[in-house]
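Taken in sequence, the protein lines are chains A and B.
If you read the first sequence in the numbering used here, its first letter stands for residue 1, the second for the next number, and so on.
If you read the second sequence in the numbering used here, its first letter stands for residue 1001, the second for the next number, and so on.
Positions of the beta carbon are idealized from the N, C-alpha and C atoms, including for glycine.
Keep in mind the model is a prediction, meaning the values are calculated, not measured.
Structure first, commentary second.
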Amino acid sequence: MRLALLAASAVALACTPPRNGSEFRLRIALVGPLRDPAPDAEPSTSSYAQEWVFESLLRTAPDGSAIGGLAARFQFASPSRVVVELREGARFSDGSAVTADDIRQSLRESAFEVREQAREFVIESPAGDPVEPILRHNGIFKRVGDKAVGTGPFQVVSLDPERLLLRRSVPAPGKIAEVLLLGYPTSRDPFAHTLAGDADLLIVDDPKKLEFFEGVSRLRVVRGHGANSIAVAVGRHRFDRAVRSAIAAALPVANISRLVFGKECLPFPVNAGTASALPSKPLDVLVLQEDFQLAHTALAVTRALGQHGGEIRFISVPEAFRLLKSQDFDLLLLRPLVWPPSSAALVWGSNSPHNFSGYRNLNVDAALKAGDWARAMQELREDPPVVFICTPERLAVVDSRVKNPQVGPYGYLETLPEWEIAE
Amino acid sequence: MARNLLVLVAGSGLVIALVGLSAIFLLRRSAERSSQAALAVIAEQAASRIGAYLSHQREMLRAVAGLVTGIAEAERRLAQVPLDAPSLGRVTLLTQRTPADRLPQRLAPADVVAALSGREVASPLYFREDLTPAMDVCVPAGATPGTAVCATLDLLELQRQMQRIHVGRSGFALAFDAEGRLLASGAAALRANVLTGEPVTESPLASRVARGEPAPASFRGGIDEVVLAGWARLSDPRWTVVVEEPKREALAPMRNALIGLSAVAVAALVVTAALGAAQSRRVLDTLEIEERWRTAGRIATGISHDLGHRLAILQSTAALAEANDPAYLPLIRDNLRAETATLKKFVADFADLSREVSPDQFLPLDLNAFAQSVGRTAIPHAEKAGVQITVTPAAETPWVKGDRYLLERAALNLLSNAIEASPPGGQVSIEVGQRDSVATLKVTDRGPGIGEERLPRIFDAFKSTKRTGAHVGMGLPNVRRIVVAHGGQTAVESVLGKGSTFSIVLPLQRRPS
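Given below as structure tokens:
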């Protein structure tokens, strides 16, 4: 009898479904080889995982404002100086405490000064640069040997160019236990493998592709507002402020947006000014190879410019970077960051490490130093380095068992650790 | 009669079941054909829509090409076309001087030459880097010989068309090229194969259909389930469209209807059988009661006749006794003895009738020894009648099982009848035999025999052939009752003037160990 009861208990245990979340592994299909996701490593496809392993001090709220991340509390004395208090019990995944040196090291690109006072840290930019956007996006980490450790809920378990496995440091019932990033060689592979059921999450860059997922009950579509816009950069080396303003005024952004993207792209407001100062020579439009959305936008731009529209030429990514630095082009289509406002403004700050185009505008700098992001963006429109067309939505398809998937607010999948798994 | 009734009901049920199964089979076939025909119609419509879409795109491209009047500005104008006609994708001008890197991606060199010589050409379907299904098509440019206008047709519409087709709950459509490559899939489970180019189960079937071979109407499809399918072909390009529906789903309405009908039919059959059985039982009960009354009547007739006879003799004897004449005393004594013996036998016969046969108390019986024993028992009776008894045993001892007392009563009854039927100096023989699986005990006399008309009812109660007034006709019915209760049979053969043979036939048993 006792033996029978034992056997029955064993069978009952074997038949008990696994507790959801505690064993749930989410597989994400991506393009390109996977590398170390550490903040100081070379950027790669693995960067999607960065926020889950390496928390930043601040995070971005859905309305674009800053909220606490690793820092439980923060107080800005000025845009360039903040006092933060870390979350109670915040430690690296190896168990060590977070020190001022760790924070300083993590933010070394920005050359911030970091001092520890009692249980607080004072972070300040000696150059007077705004610290808030940097604290939002730079993960705090520490090198232990050749491995970087963070304070985030996940840690790296294994890594090779095709697979990056992350596991939750502390089990969280009902939530994702493991994340497996799968790196595929071509953009077609993640798509096909997700359709075939080999992956549970796919980042979708074109709304048209969502049509393939119609009727796939295993997956659900998740939409979020975009952080990067479609924009036309105007070569500052060739055109002065007046011509650039005239070009901005000549481009009917709403029409272009509707023509290319339909309703899938939120258009920017119409640019003020007159198109009278347009150059007589037709404006050539450069566009990245194999970016069909940008290629289509280029067609719309040349048509909108009418007789002022020139040739469309396709360029490679390195050439695009080179031209961005030199600013020696007529028009160049790109996708600059436009959200959250503080980060978007920082892209155009004279001394910002994120300013690849070398744009310099004292008014923008002043607004940034004052922490007035809205004014900084307004100043940009007065002296436009780019003409913003519209901001496409961010899209993903996610396993239907995930109850509350979300893209954004800033990092594409930054809220993944909070996603809950349905019964 | 009850068994006959059961056989009748079972036979009717079997016939009804066979008819029902045939009807189900025919209905199923009919439903399958009807579903396949419907799927084929949907496939034809889908193929027709795809054909119309492709034809419309080409028409649009021809219209655009017709407007090309010169090389200058043409390229720029053509490049703008997709803004107004997105489905044409990238539109370019093809001339002898078009550099190699600007030729349509998937057009074979021979096709480029053909396009420049004024022919319409098209590439196979392929997927662009943005995963849009596309096809390069070139048509001659209107007024500029030696040039063509080429477009990368956006064929996402093909995928849309397939995804729009929903048959039932999970029916879907697939499109294949002539080689069986899956071009578009309405089934989510197979859509990855569209991108990877990996063949699906239907791929070889599709390429055969594209070659004009007969289209299979039912097979195990790519969704790993048996499906019903309707096929359609496009002539240009040589694509095929198949619309599939899982068989279980397609035939579900028919199956549900059949289940309903079958349930009703079975219920009707059960009710009919129950009513029939109840009615039959009533009829049988009525017949049984009538038969009992008839039997009782026969018994009453026999008893009243025989007892009346006995009573008349006893009344006569009493009258002789009242005469107080000593001369009558011997007659009175003989009468009383004879009548007492007759009444005693009468009672014995009835006592035999009341003795139940219990098969669980049967014992093995050596029929040879049994015959000898019965023969010996009957010797006094035979000697009195001046009849000789002979017993002929079987060569090999036949064993039977039974109630020895009852079987002895039955055999003695036959023997007694044979002795009484034999003339003085006659002979009665007992013969034991065996054949196949039965043992026989035959009693033969050389008496007057029994008329042929009496033989069929010889074993019925109160049908005695003896008209001596000393027999009530219970003997032979009792013999038959006993033998039948032992799983055996009785038989009689008789020839008038030559004698009769009564047989007891019993099942043979193994020799006891």
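Candidates the options: closest to residue i by CA position
i, options, result
"V414 (chain A)", "A:F24, A:R25, A:P33 and A:G69", "It should be pointed out that residue 414 (chain A) corresponds to Glu in this sequence rather than to Val. Among A:F24, A:R25, A:P33 and A:G69, the Cα nearest to that of E414 (chain A) is on A:G69."
"R360 (chain A)", "A:S350, A:K369 and A:T274", "A:S350"
"D40 (chain A)", "A:G150, A:P392 and A:R238", "A:G150"
"L26 (chain A)", "A:I176, A:L334 and A:L278", "A:I176"
"I1430 (chain B)", "B:F1459, B:A1369 and B:P1380", "B:A1369"
"S106 (chain A)", "A:D160, A:V82 and A:H137", "A:H137"
"R381 (chain A)", "A:A304, A:L288, A:N271 and A:G408", "A:N271"
"P1448 (chain B)", "B:N1417, B:D1460 and B:T1152", "B:N1417"
"A227 (chain A)", "A:Q75, A:P171, A:L266 and A:E420", "A:L266"
"P1477 (chain B)", "B:V1139, B:A1439 and B:N1413", "B:N1413"
"F1219 (chain B)", "B:A1206, B:R1211, B:E1453 and B:Q1427", "B:A1206"
"S1123 (chain B)", "B:S1170, B:D1177 and B:L1083", "B:D1177"
"G215 (chain A)", "B:E1225, B:A1250, B:V1209 and B:F1172", "B:F1172"
"A1148 (chain B)", "B:A1189, B:Q1096, B:T1196 and B:Q1159", "B:Q1096"
Segment limits, alpha helix (DSSP H) that includes residue i
i, result
"D328 (chain A)", "Counting along the chain, D328 (chain A) falls outside any alpha helix (DSSP H), and DSSP gives it neither H nor E."
"I256 (chain A)", "V253 to F261"
"M377 (chain A)", "W373 to E382"
"W1231 (chain B)", "No alpha helix (DSSP H) holds W1231 (chain B); the beta strand (DSSP E) holding it covers V1226 to R1233."
"R241 (chain A)", "R241 to A250"
"E465 (chain A)", "Since the first and last residues shown for chain A are 1 and 423, residue 465 (chain A) lies out of range."
"G1475 (chain B)", "G1475 to A1485"
"E418 (chain A)", "No alpha helix (DSSP H) contains E418 (chain A), which DSSP labels as neither H nor E."
"R1409 (chain B)", "R1404 to A1421"
"T1340 (chain B)", "L1329 to S1354"
"A1110 (chain B)", "P1109 to L1116"
"V301 (chain A)", "F292 to L305"
"P341 (chain A)", "P341 to L346"
"Q50 (chain A)", "Q50 to V53"
"T1201 (chain B)", "Premise fails: T1201 (chain B) is in no alpha helix (DSSP H) and is neither H nor E."
"L1195 (chain B)", "R1191 to T1196"
Cβ distance (whole Å) where residue i is taken to contact residue j below 8 Å
i, j, result
"A231 (chain A)", "V386 (chain A)", "4 Å"
"V397 (chain A)", "V243 (chain A)", "Not confirmed; about 43 Å, so no contact."
"Y1126 (chain B)", "R1102 (chain B)", "With 8 Å as the limit, Y1126 (chain B) and R1102 (chain B) do not qualify as a contact, their Cβ atoms being about 17 Å apart."
"L181 (chain A)", "A49 (chain A)", "6 Å"
"A100 (chain A)", "V114 (chain A)", "5 Å"
"R241 (chain A)", "Q327 (chain A)", "Rounded, the Cβ-Cβ distance is 13 Å, inconsistent with contact."
Bridge partner(s) assigned by DSSP for residue i
i, result
"G992 (chain B)", "Beyond the ends of chain B as shown, which are 1001 and 1513, falls residue 992 (chain B); an answer cannot be given."
"G1070 (chain B)", "In DSSP, G1070 (chain B) forms no bridge with anything."
"I67 (chain A)", "A:R59"
"W1293 (chain B)", "The partner list for W1293 (chain B) (beta bridge, DSSP) is empty, contrary to what the question assumes."
"Y184 (chain A)", "A:V31"
"M1135 (chain B)", "B:L1153"
"L1455 (chain B)", "Per DSSP, none; premise fails for L1455 (chain B)."
"F74 (chain A)", "A:V84"
"F314 (chain A)", "A:V287"
"S1218 (chain B)", "B:L1228"
"W1399 (chain B)", "B:D1366 and B:Q1509"
"V1038 (chain B)", "Residue 1038 (chain B) is actually Ala in this sequence, not Val. According to DSSP, which records beta bridges pairwise, A1038 (chain B) is partnered with nothing at all."
Per-residue contacts from residue i into chain C (C-beta, under 9 Å)
i, result
"A49 (chain A)", "Chain labels in this structure do not include chain C; the protein chains are A and B."
Extent of the continuous beta strand (DSSP E) run through residue i
i, result
"F1502 (chain B)", "G1499 to P1507"
"F191 (chain A)", "First-last for F191 (chain A): R188 to L195, but that is the alpha helix (DSSP H), not the beta strand (DSSP E)."
"E214 (chain A)", "Careful: E214 (chain A) lies outside any beta strand (DSSP E) and carries neither H nor E."
"W1239 (chain B)", "That residue, W1239 (chain B), is in no beta strand (DSSP E); it is neither H nor E in DSSP."
"K142 (chain A)", "F141 to V144"
Contacts that residue i makes with chain B (C-beta to C-beta distance below 7 Å)
i, result
"A196 (chain A)", "A1192"
"V216 (chain A)", "A1188"
"K209 (chain A)", "L1131"
"R303 (chain A)", "Q1080 and L1083"
9 Å Cβ cut-off: residues of chain B touching residue i
i, result
"R188 (chain A)", "F1127, E1129, L1131, L1195 and T1196"
"R168 (chain A)", "The contacting residues do not exist; R168 (chain A) stays about 29 Å from chain B at best."
Heavy atom of the ligand SAM within 7 Å of residue i beta-carbon
i, result
"A1229 (chain B)", "Summarising the ligand content, the structure contains no ligands, and the ligand SAM is consequently not present."
Interface residues of chain B facing residue i [CB-CB closer than 8 Å]
i, result
"F24 (chain A)", "Here the premise fails: no neighbours, minimum Cβ distance about 22 Å."
Closer than 8 Å at the beta carbon, the chain A residues around residue i
i, result
"P1082 (chain B)", "H296 and L299"
"A1210 (chain B)", "Chain A residues near A1210 (chain B): none, gap ~24 Å exceeds 8 Å."
"R1160 (chain B)", "E211"
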